[in-house]
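Colleague: Numbering follows my numbering, with no gaps: position 3 of the sequence shown is 171.
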Amino acid sequence: MRWLLHWILNAVALLLVSHMVEGFHVSGFLSALFAVVIIGFFNATLGLLLKLITLPLGILTLGLFFLVINAIILWFSSKFVPGFAVTSFSAAFLGALALAVIQLLFGFLKRSDRNVNA
Numbered sequence: 169m170r171w172l173l174h175w176i177l178n179a180v181a182l183l184l185v186s187h188m189v190e191g192f193h194v195s196g197f198l199s200a201l202f203a204v205v206i207i208g209f210f211n212a213t214l215g216l217l218l219k220l221i222t223l224p225l226g227i228l229t230l231g232l233f234f235l236v237i238n239a240i241i242l243w244f245s246s247k248f249v250p251g252f253a254v255t256s257f258s259a260a261f262l263g264a265l266a267l268a269v270i271q272l273l274f275g276f277l278k279r280s281d282r283n284v285n286a
């Protein structure tokens with residue numbers, strides 16, 4: 169059941185990013201949810217391989233290069249999901265950065281909610 173909440177929160181994050189970043193478009197919640205599933209699949213396969221290959225560069229840049237990989241995954245995923253479009257690499261990069269910040273905030277909210285309920 170946690171995975172469903174995780175997917176829903178990521179879909180909401182994707183919708184938020186589409187309102188914040190020019191050139192990053194999501195047509196609705198179902199498109200966002202489908203995009204999250206596809207992004208997750210590509211992140212688990214292609215993203216893992218790219219991160220492994222570029223690990224020295226990731227270490228050298230203190231992990232900032234992994235934002236570039238996340239941007240590539242976002243851009244690539246947009247080619248497979250109807251209703252999800254990323255028009256340029258700069259939009260994909262800004263989208264990856266915004267998604268990282270939003271997901272970080274969601275993570276803080278989930279942790280603080282867990283501490284209140286404990």
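Think of the CB as a built atom: it goes at the ideal place given N, C-alpha and C, for glycine as much as any other residue.
#1: Check for me: the beta strand (DSSP E) holding F192 runs from which residue to which?
#2: Looking only at C-alpha atoms, which of I237, S186, A200, L232 sits nearest to K219?
#3: Any idea what DSSP makes of F252, helix, strand or coil?
#4: Rank S280, L216, V249 by C-alpha distance to the C-alpha of F197 and give the top, closest one.
#5: In three-state terms, what does DSSP make of V189?
#6: Near G215, what residues of its chain come up, given a Cβ to Cβ distance below 7 Å and the 5 sequence neighbours on each side ignored?
#7: Measuring CA to CA, which of L184, A266, S195 is closest to A253?
#8: Can you tell me where the alpha helix (DSSP H) with A239 in it begins and where it stops?
#9: Are at least three pairs of beta-carbons, each pair with one atom in the segment 220-233 and one in the segment 200-211, less than 8 Å apart?
#10: Would you kindly report the start and end of the unbroken alpha helix (DSSP H) that includes G208?
Modeller: Working from what's here:
#1: 192-194
#2: I237
#3: strand
#4: V249
#5: coil
#6: I237, I241
#7: S195
#8: 233-246
#9: no
#10: 197-210
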